[in-house]
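Residue numbers (full-length UniProt numbering): 1 to 159.
See below for the structure under consideration.
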């Protein structure tokens with residue numbers, strides 16, 4: 001056990017990042033084993049557009065929970081890969097509507113069986129006595145009510 005593992009709750013952000021990086025790295029390897037060239041960071045946008053079909057940039061940012069600038073840079077990357085396409089909204093010229101491009105739709109068809117496999121394996125990994133996904137949901141709900149920063153400030157001011 002290393003010092004980060006021993007430090008308990010103080011290192012939760014580091015531990016979650018470490019877990020996330022491991023899952024991402026393995027995700028890339030799983031996609032490659034199916035001859036699919038896919039970056040895990042593209043997943044939230046591709047998956048969202050697979051289900052919602054056509055969305056504005058703001059709607060995508062809201063769906064995936066990313067900032068507007070982060071979403072835009074991800075969309076630029078996906079457009080360069082020809083996985084998505086955008087067009088101006090006829091009702092509002094300022095709005096761009098994003099949808100999967102034919103290459104993106106084709107990619108999803110290849111990925112569906114991989115997603116099934118990944119869901120099964122991730123289910124096994126998360127299915128432990130502490131129920132990882134439930135715990136993450138609970139933590140996210142608490143943070144939505146009052147952020148880590150707000151809680152720390154409140155405690156600081158109470159002293």
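We put the beta carbon where it would ideally sit given N, CA and C, even for glycine.
Check your understanding: What residue from 2, 13, 7 and 3 has the CA that sits closest to residue 140's CA?
Key -> 13
Practice item. Ignoring anything shorter than 4 residues or poking outside the UniProt domain "HTH marR-type" (9 to 154), list the alpha helix (DSSP H) runs there in chain order. Key: 12 to 33, 43 to 52, 57 to 64, 68 to 80, 102 to 126 and 132 to 145
Exercise for review: Measure from the alpha carbon of residue 102 to the alpha carbon of each residue in 126, 96, 82 and 91, then state which is nearest.
Suggested key: Per the Cα distances, 82.
Point to revise | Under 8 Å between C-beta atoms of residue 46 and residue 118 | key: Taking 8 Å as the cut-off, the Cβ atoms of residue 46 and residue 118 do not count as close.
Check your understanding: Distance, Cα to Cα, residue 123 vs residue 113?
Key -> 15 Å
Practice item. Taking all protein chains shown into account, decide if residue 148 is buried (16 or more other Cβ within 10 angstroms of its Cβ) or exposed. Key: exposed
Review point. Hey, is the stretch 10 to 27 in contact with the stretch 82 to 92, meaning 3+ C-beta pairs nearer than 8 Å?
Key: Contact fails: fewer than three Cβ-Cβ distances are below 8 Å.
Check your understanding: Do residue 90 and residue 96 come within 8 Å of each other at the CB atom, strictly closer than that value?
Key -> no
Point to revise | Cβ contact (3+ pairs, closer than 8 Å) linking the stretch 33 to 48 and the stretch 104 to 111 | key: yes
Review point. In the structure shown, what three-state DSSP assignment does residue 2 receive?
Key: coil
Practice item. State yes or no: is the C-beta of residue 62 nearer than 7 Å to some heavy atom of the ligand NAD? Key: As far as ligands go, the structure on display features none, and thus does not contain the ligand NAD.
Check your understanding: Can you list, in chain order, the residues of its chain whose CB lies under 6 Å from that of residue 50, leaving out five sequence neighbours each side?
Key -> 108
**Study point:** Beta-carbon spacing of residue 67, residue 60 below 8 Å
**Key:** no
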